[in-house]
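A.B. asks: Convert by adding 72 to the 1-based position in the sequence shown; the result is the number in our numbering. Idealized CB from N, CA, C, for every residue including glycine. If you're wondering where the values come from, they're calculated on a predicted model, not measured in any experiment.
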Amino acid sequence: MKKLVVFYLLGCLLPFISNAQWSNNPNENTMIVDTTGSQIVPVVVTNSLGESYISWYSEFDNLNYDVYLQKMDKNGLKLWDEEGVLISDHETKTWVTNYDMILDQDENVILVTQDKRTGNSDVFAYKMSPDGEFIWGNDGIQLSNTTGFDPSPQVTVADNNDLIFLWGEEPGDSTSNSVLYVTRYSSNGNKLWETILSDTIDFMLPQMLYTNEHLIVSWITKTHKTDTAPGEENWMHVFAQMLNSEGLPVWEHNVQIDSLDLMSFGSLYTTPFLTSDGNGGAYVMWQSFFVSETGGRPTTYVNRLFADGTIWFAGGYSVSQSTGNYHAEAQMEFIEDVEKLMVCWQEYHFDEINQIDCWGIYGQLFDSQGQYLWDENGHEIIPLLCSEDTSYSSIRLGKSTNNNAVITFQKDYFSIEGSDSSLVSNVYALSLDLGGEMTWSPPVVPLSITKSNKYQSFLSNLVDDQFVLAWNDNISNPNDYFDFGIYAQNISVDGVIGPTSVFNNSIPDLVRVSLFPNPANHQVEIRYTLKKACDVNIDLLNLDGSVIGSYRQDNCHIGTYAQPINISVLSAGMYLVRMKSHHVTSYHKLILN
């Protein structure tokens, strides 16, 4: 029996759409938390089931920043308390530093942060089960106990499920040098060893990468001066060392990655970034502000650090040979299947003729030998926009499917309404292939276009063909630059936001669904294959979740089907086709020209 039914599911659909799932409307993103005070610095990790853990700092009237954690299912439904689970309300004073969160081999959450519960800045780690149990106790375990300042601790997991923690310490004694602590704990919270990396100069801003049962640590060195004259900078360099499973150095000497003098830019310092090279080594990326080399313009460099402690080239390679622009806020990802390194960054140029700032987003692709595969001056992803009030920021990069990469970014501008002005940030995403071409239609997808200020975005790992992006957002009080909530949005590898496929791989009814043609004009054909007999429901939805057309076929047999749908009366734009077969639901993007 076949019949075409229009609007017949609308009444049933409304509770489904309003049940706090991932929004398919960039004007209404999913609220993680937005209460009194300010919620900031979200971190997102996703497990093998597609469930996401989102953590953040929350500041209430007591001016203390508490740590909270929420668990979301794949479709964006909250699985824990509405405002999250309190992890720590220990004293932090009125400031915070970065913290870290990962999943161990058993998919428990490991969260490491610092607070002042002891009277000093010390590092503490928590282990949370998938059910929200505090495995290491409600107060976690203490990793450091010194009088120094221990900001921005990090954690990674070893092959045997041990946990390795890293942080830099600024000593309480101003005559001493900053040092790095690396410590390893068993999965049950027992300390195995501790290594201190230090010298007669400051070691600071460390990063680490676990690879082939070894740990690569990179950091910035800085001459420790107490008599620096005004305007004189302390020159910095990028170094690295490999530690074995016992915490002992593998290379005879610490390896210098750069060859230039890196200069701090005001109160900001360059930070090295690491990603695997797929062969037991790492790619190291950093930003340089060296007057003679770049004309006083920040630029980003990349070097490859091999497992034997050798490097590509003394000093590495700039991501762009253009010396007239800034190349900053860079992100990188290694594409394993083709052994290529993709980098993207914020491109800035000052138009001296028109006295105006110009902002864009550029990229570069390196082969395994450090050769440019895109234009030597960088590949234009988002063209330079010259404006008095608009810029691009918060660039994030994630590995996608088919050797593509997804980039998210913000477009920031001042909105003026009458006598009021406010900073507005819109969030977008795009997908690039190895040729630097955008792969989605439309090429750039809006994730959040609310009239609010956003910052500190965090892009999750890719699981089940979707990413989750979380950020701070003052949408509930746009006139208050200190009243932020945490909001999030999913984005699929196909460029679709909102509910995605929820296939159960153990009993897949629909093995393939396609729309042809897509984009379409007057008619689209929905093609689908069934592995067992079942009923099929096809709904056409607009982006606010409303059903605008439906088709039902009962007791379909095993086989391949093609159902044409007349869409000539619909306006151009993006729509969703929802397929239901027994207990399986999938969503597919349809573009109408």
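Let me check understanding here. Comparing Cα to Cα, which of Glu-285, Ile-273, Thr-185, His-594 lies closest to Gly-212?
C.D. replies: Per the Cα distances, Thr-185.
A.B. asks: In the DSSP output, which residue or residues are listed as bridge partners for Phe-556?
C.D. replies: BP columns for Phe-556 are empty, so no partner.
A.B. asks: Counting C-beta neighbours from all protein chains within 10 Å, is the total for Ala-592 16 or more, i.e. buried, or is it exposed?
C.D. replies: Answer is buried; the Cβ neighbour count reaches 16.
A.B. asks: Let me make sure I understand the geometry here. Which of Thr-473, His-451, Phe-481, Glu-448 has the alpha-carbon closest to that of Tyr-464?
C.D. replies: Ranking Thr-473, His-451, Phe-481, Glu-448 by Cα distance to Tyr-464 puts Phe-481 first.
A.B. asks: Between which two residues does the beta strand (DSSP E) harbouring Gln-403 extend?
C.D. replies: Taken as a continuous stretch (DSSP letters only), the beta strand (DSSP E) holding Gln-403 covers 398 to 407.
A.B. asks: For Cys-430, which option in Tyr-485, Asp-194, Met-414 has the closest C-alpha, if you only look at C-alpha atoms?
C.D. replies: It is Tyr-485.
A.B. asks: For Gly-442, which option in Glu-131, Arg-376, Lys-661, Ser-459 has the closest C-alpha, if you only look at C-alpha atoms?
C.D. replies: Checked all of Glu-131, Arg-376, Lys-661, Ser-459; the closest Cα to Gly-442 is Arg-376.
A.B. asks: Could you give the DSSP three-state label for Asp-299: helix, strand or coil?
C.D. replies: Legend: pLDDT at Asp-299 = 47, less than 50; position of this residue unreliable, value from coordinates given subsequently. It is coil, neither helix nor strand.
A.B. asks: At what residue ranges does the stretch 229 to 309 contain a whole run of the beta strand (DSSP E), taking only runs of 3 or more?
C.D. replies: You should have 235 to 241, 251 to 257, 263 to 269, 274 to 283, 286 to 294.
A.B. asks: By DSSP, does Val-568 sit in helix, in strand, or in coil?
C.D. replies: Coil.
A.B. asks: Quick check on Thr-293: buried or exposed, where buried means 16 or more other Cβ atoms within 10 Å of its Cβ?
C.D. replies: Per the 10 Å Cβ criterion, buried.
A.B. asks: Can you tell me which of Met-144, Val-254, Ile-182 puts its alpha carbon nearest to the alpha carbon of Ser-201?
C.D. replies: Nearest of Met-144, Val-254, Ile-182 to Ser-201, Cα basis: Ile-182.
A.B. asks: Is the distance from the Cβ of Pro-114 to the Cβ of Phe-530 below 7 Å?
C.D. replies: It is a contact, given that the beta carbons lie within the stated cut-off.
A.B. asks: Looking at C-alpha atoms only, which residue of Asp-194, Met-414, Arg-256 is the closest neighbour of Glu-242?
C.D. replies: The option with the nearest alpha carbon to Glu-242 is Asp-194.
A.B. asks: With DSSP collapsed to three states, give me the class of Val-641.
C.D. replies: Coil.
A.B. asks: Can you find the residues in the same chain that come closer than 7 Å, C-beta to C-beta, to Asp-21, ignoring five residues on each side of it along the sequence?
C.D. replies: Because the chain in this structure spans residues 73 to 665, residue 21 falls outside the shown range and cannot be described.
A.B. asks: Taking the beta carbon of His-399 as the centre, do at least 16 other beta carbons fall within 10 Å, making it buried, or is it exposed?
C.D. replies: Buried, because 16 or more other Cβ atoms sit within 10 Å of the Cβ of His-399.
A.B. asks: Helix, strand or coil for Val-478, going by three-state DSSP, please let me know.
C.D. replies: Strand at Val-478.
A.B. asks: Using only alpha-carbon positions, find the residue among Asn-609, Ser-640, Thr-108 that is nearest to Tyr-633.
C.D. replies: Checked all of Asn-609, Ser-640, Thr-108; the closest Cα to Tyr-633 is Asn-609.
A.B. asks: With burial defined as no fewer than 16 other Cβ atoms inside 10 Å of the residue's Cβ, what is the status of Pro-455: buried or exposed?
C.D. replies: With fewer than 16 other Cβ atoms within 10 Å, it is exposed.
A.B. asks: Note down the Cα distance separating Asn-262 from Asn-134, rounded to an integer number of angstroms.
C.D. replies: Their Cα atoms are separated by approximately 34 Å.
A.B. asks: May I have the straight-line CA-CA distance separating Asn-99 from Leu-264, to the nearest angstrom?
C.D. replies: Distance between the alpha carbons of Asn-99 and Leu-264 is about 49 Å.
A.B. asks: If Ser-532 sits next to Thr-228, beta carbons under 8 Å apart, how far is it from one beta carbon to the other, in whole angstroms?
C.D. replies: Ser-532 to Thr-228, Cβ: 17 Å. No contact.
A.B. asks: Can you look up Val-356 in the DSSP assignment and give me helix, strand or coil?
C.D. replies: Reduced to three states, the DSSP call for Val-356 is strand.
A.B. asks: So what's Val-410 in DSSP terms, helix, strand or just coil?
C.D. replies: Val-410 falls in the helix class under three-state DSSP.
A.B. asks: If you draw a straight line from the alpha carbon of Phe-378 to that of Asn-351, how long is it in whole angstroms?
C.D. replies: Distance between the alpha carbons of Phe-378 and Asn-351 is about 8 Å.
A.B. asks: Gly-432 bridges to which residues according to DSSP?
C.D. replies: Glu-419, per the DSSP bridge assignment.
A.B. asks: Under the DSSP definition of a beta bridge, which residues are partnered with Val-115?
C.D. replies: Partner(s): Ser-127.
A.B. asks: Just to confirm my understanding: we take Phe-588, look at its own chain, exclude 5 residues before and 5 after, and list those with CB closer than 6 Å. What are they?
C.D. replies: For Phe-588, where only same-chain residues beyond five positions count, the Cβ hits under 6 Å are Glu-597.
A.B. asks: Using the Cα positions of Ile-407 and Lys-471, report the straight-line distance between them to the nearest angstrom.
C.D. replies: Whole-angstrom Cα-Cα distance: 7 Å.
A.B. asks: Do Asn-476 and Ser-503 have their C-beta atoms within less than 7 Å of each other?
C.D. replies: Their beta carbons are under 7 Å apart, which means Asn-476 touches Ser-503 by this criterion.
A.B. asks: Taking C-beta to C-beta, are Asn-180 and Lys-165 nearer than 7 Å?
C.D. replies: No, these two residues do not count as a Cβ contact at 7 Å.
A.B. asks: Return the CA-CA distance between Asn-397 and Ile-329, expressed in angstroms with no decimal places.
C.D. replies: Rounded to the nearest angstrom, the two C-alpha atoms are 23 Å apart.
A.B. asks: Which residues bound the beta strand (DSSP E) around Leu-457?
C.D. replies: Element bounds for Leu-457: 451 to 458.
A.B. asks: What residue does the beta strand (DSSP E) around Met-56 start on, and which one ends it?
C.D. replies: Past the boundaries of the shown model lies residue 56; the chain is included only from 73 to 665, so the question cannot be answered.
A.B. asks: Can you name, in chain order, every residue of its own chain whose Cβ lies under 7 Å from the Cβ of Thr-169, other than the five neighbours on each side?
C.D. replies: Same-chain partners within the cutoff: Gln-186, Pro-223, Ser-224.
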